[in-house]
Structure formats: structure tokens, C-alpha cells
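Asker:
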Amino acid sequence: MDRIVVGLSGGVDSSVAAATLHQQGYDVVGLTLWLMKGKGQCCSEGMVDAAKLCDDLGIPYHVVDSREVFEREIINYLVEGYG
153 MDRIVVGLSG GVDSSVAAAT LHQQGYDVVG LTLWLMKGKG QCCSEGMVDA
203 AKLCDDLGIP YHVVDSREVF EREIINYLVE GYG
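Position one of the sequence shown corresponds to residue 153 (my numbering), numbered consecutively onward.
1. Hey, would you say residue 158 sits closer than 7 Å to residue 170, going by beta carbons?
2. Who are the near neighbours of residue 156 in its chain, counting only those whose CB is closer than 6 Å to its CB and skipping five residues on each side?
3. Less than 7 Å between the beta carbons of residue 184 and residue 215, yes or no?
4. Among 162, 154 and 153, which has the Cα closest to the Cα of residue 106?
5. Does the Cβ of residue 213 have 16 or more other Cβ atoms within 10 Å, making it buried, or fewer, making it exposed?
6. Of the choices 165, 154 and 197, whose alpha-carbon is the least far from that of residue 176?
7. How should residue 160 be labelled, buried or exposed, when 16 other C-beta atoms within 10 angstroms of its C-beta is the threshold for buried?
Here it is, written out as C-alpha cells:
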């Protein structure tokens, strides 16, 4: 079967997508983009939930630290555009 990378937020929708694809026999890899700076509850809880899901399913899980790129390319762009 093909490998599929599923973006995981830790929420229900992405979790069901990953579990369903895994049950259908796909080679699923879980991935979370870490976008916000700081240690906010929403981000860390979502990553913990996503990691647990992947552990339960027996699939790999990766977190990509995209905080600097996100701030530079998205946040700063929006701030400058509205400034």
C-alpha cells in the first residue's frame, strides 16, 4: 500500500482520518507542524494527543518545528499588511 502522511492536530477529524487510513491498510505517518511560539496549552495538548494516537495505532509520528518560518512568512506578513 501507499504511504500517506496525515497532518495531525490532536483533534477528532485528523485522528479519525489517520485511524481510518491505517485500518484500510495504508502506511500512515502522523505529522504535526509546530507553528506557534511559546508553550501554549492548545499546542502542547494537541501534540500529546497526536503522539498518543500514533502510539496506539503503531504508526510513526513526527513534529516539524515551523515556528520561525510561520512567524516570518505568515504572522509578520499579516502585521505588515495591516500596519
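Positions of the beta carbon are idealized from the N, C-alpha and C atoms, including for glycine.
Answerer: Once the coordinates are examined:
1. Position 6 of the sequence shown holds residue 158. Position 18 of the sequence shown holds residue 170. Yes; because the gap between Cβ atoms is below 7 Å, this pair is in contact.
2. Numbered from 1 along the sequence shown, position 4 holds the residue referred to as residue 156. For residue 156, where only same-chain residues beyond five positions count, the Cβ hits under 6 Å are 173, 178 and 180.
3. By 1-based counting over the sequence shown, the position of residue 184 is 32. By 1-based counting over the sequence shown, the position of residue 215 is 63. Yes. Within cutoff.
4. The question about residue 106 has no answer here: the residues shown for the chain are numbered 153 through 235.
5. Residue 213 sits at position 61 when you count from the first residue of the sequence shown. Residue 213 is buried by the Cβ-count criterion.
6. Position 24 of the sequence shown, counting from 1, holds the residue named residue 176. Comparing Cα positions, the closest option is 154.
7. The residue given as residue 160 occupies position 8 in the sequence shown. So residue 160 counts as buried.
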